[in-house]
Amino acid sequence: MKLEALAPAAPPIGSPFDFRVSNADKVDELDINAARESGDWGFIHSFTTGSALDGPGVRLVAWLTGCQFRCVFCHNPDTWKLANGTPVPLERAIEVVGQYRHSLRMMKGGLTISGGEPLLQYPFLARLFPAVHDMGVHTTLETNGYFGDRLTDDDLASIDLIMLGLKAIEPGLHKRLTGMDNKPVHEFAHRLAERKHPIWIRFVVVPGWTDNMDEAGRMAEFAASLGNVQRVDVLPFHQMGRFKWEKLGMEYQMRDSQPPSRETVEQIISRFRSAGLDTV
Ligand code: SF4
C-alpha cells in the first residue's frame, strides 16, 4: 500500500490521549523511510486545537509519532512507533496551520510540535517550522533533547521556544527511567544556553523515581545554571495513559502507582523557585 492511500481528507484532530495504532502498518517500510528522510510526509498521531498547556497563549499542537526513549511513566506509548501515526503530506500540514494562523496570532499562541519525539522526523520539522514561522506564527518544539544536535543554527532561528523535557539529572537514574543516556540532552541544553535561546523545562514528578528532593534539587540547580530558562513546568505523574499500556499488551511498571501528593509537588515547586526559577 502507498502512503497516498492513507493520507486523510481531513487532518487527524484529537487528543494525545486518543489511542491510535497501526495507521501506516500496511505501507512498505522502504516507503516510510523514504518519506521520513525527505520530509515530504509527517507521521502525526493527532492535531489538538485550543491547547493552553503546550506553550505560550493558545496553541495548535501536532503530536508526532516515533520515540527512542522508553520512559517507564510514558503517558502515550502508542506514539513510540512511527507507523502508528497518520501520514500527512508536508503541504497539508502547512495548510492546516495556515487555516488557524489568524486566531493563533490573536490569542498570542502558535504552533507546538510535540510527540513522541519530534526530532526523529527531523527532515519534516526542518521544512515545516520555517514555513510556519514565515507566516508570522510563533513556533515551539517540545523535545526530550536527545537528538538536539540534528537542529542547525538556521533551524533554531525558526523555532521561537524549545520545551525541553528533562526526565532526570543523575545519569544512572535517567538511564533506568528512560533507557537512554542524558549526556546528549545536557549538551543540547548547554548549546541553547550559549545561544540564549528561550527554554521552558518540563519535569515530571514520577513516584518512586523523581519525587525526592535530591533529584529535584539537582534538576533545579541544572536548570538555574543555564540562564535561559524562562519557566519550569512541574508535572505530576498521572494514570491517564494506563489503558494504552494495557491495550498494547505491554508491561507497565507504574500500573499501581499513585500520583504524587500535592504536598510533594508543592515542595518540588518551591525548590525550583528557591533556585530563582519561574515555576508553575
Ligand atoms: S520521551 Fe515522551 S513520548 Fe518518549 S517515552 Fe518518554 S514520555 Fe514517552
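The sequence shown begins at 2 in this note's numbering and counts up by one. Even glycine gets a Cβ: it sits at the ideal position worked out from N, Cα and C.
Distance, Cα to Cα, residue i vs residue j?
i: histidine 46; j: arginine 192; result: 29 angstroms
i: alanine 255; j: proline 78; result: Note that residue 255 corresponds to methionine in the displayed sequence, not to alanine. So the two alpha carbons sit approximately 13 angstroms from each other.
i: aspartate 279; j: valine 233; result: 6 angstroms
i: aspartate 32; j: asparagine 183; result: 32 angstroms
i: leucine 174; j: glycine 137; result: 40 angstroms
i: proline 131; j: leucine 162; result: 13 angstroms
i: glycine 51; j: aspartate 19; result: 16 angstroms
i: proline 17; j: methionine 108; result: 22 angstroms
i: valine 89; j: valine 22; result: 15 angstroms
i: glutamate 264; j: tyrosine 123; result: 39 angstroms
i: methionine 181; j: tyrosine 147; result: 9 angstroms
i: tryptophan 246; j: tyrosine 253; result: 6 angstroms
i: alanine 36; j: lysine 82; result: 15 angstroms
i: valine 230; j: serine 39; result: 33 angstroms
Relative to the C-alpha of residue i, which residue among the options is closest?
i: aspartate 41; options: Glu92, Thr49 and Val266; result: Glu92
i: valine 97; options: Thr141, Ile14 and Gly149; result: Ile14
i: valine 149; options: Phe189, Pro88 and Gly110; result: It is glycine, not valine, that sits at residue 149 in the sequence shown. Taking only the C-alpha atoms, the option nearest glycine 149 is Phe189.
i: histidine 103; options: Ala276, Pro185 and Leu61; result: Leu61
i: phenylalanine 48; options: Tyr101, Cys72 and Asp154; result: Tyr101
i: arginine 243; options: Cys75, Trp64 and Val22; result: Cys75
i: glycine 110; options: Ala84, His139 and Phe70; result: His139
i: threonine 144; options: Lys245, Ala158, Pro119 and Val133; result: Pro119
i: leucine 142; options: Pro199, Thr87 and Asp135; result: Pro199
i: arginine 196; options: His239, Phe223, Val205 and Ile160; result: Ile160
i: proline 208; options: Gly228, Glu222, Gln259 and Ala221; result: Gln259
Can a CB atom of chain B be found closer than 8 angstroms to the CB of residue i?
i: threonine 179; result: Protein chain content of the structure displayed is limited to a single chain, and chain B is not contained in it.
Give the residues whose C-beta lies closer than 5 angstroms to at least one heavy atom of the ligand SF4, in chain order.
Cys68, Phe70, Cys72, Cys75 and Asn145
Can you confirm whether the stretch 166-173 touches the stretch 215-227 when touching is taken to mean that 3 or more C-beta pairs between the two stretches lie within less than 8 angstroms?
yes
Uninterrupted beta strand (DSSP E) stretches inside the stretch 29-67 (no shorter than 3 residues):
42-52 and 60-65
Contiguous alpha helix (DSSP H) assignments of at least 4 residues, all confined to the stretch 156-187
172-179
The stretch 266-274 contacting the stretch 223-242, beta-carbon criterion three pairs below 8 angstroms
yes
Entirely within the stretch 201-265 and at least 3 residues each: give me those beta strand (DSSP E) ranges in chain order.
230-237
Which runs of the beta strand (DSSP E), 3 residues or longer, sit entirely within the stretch 84-149?
87-90, 111-115 and 139-144
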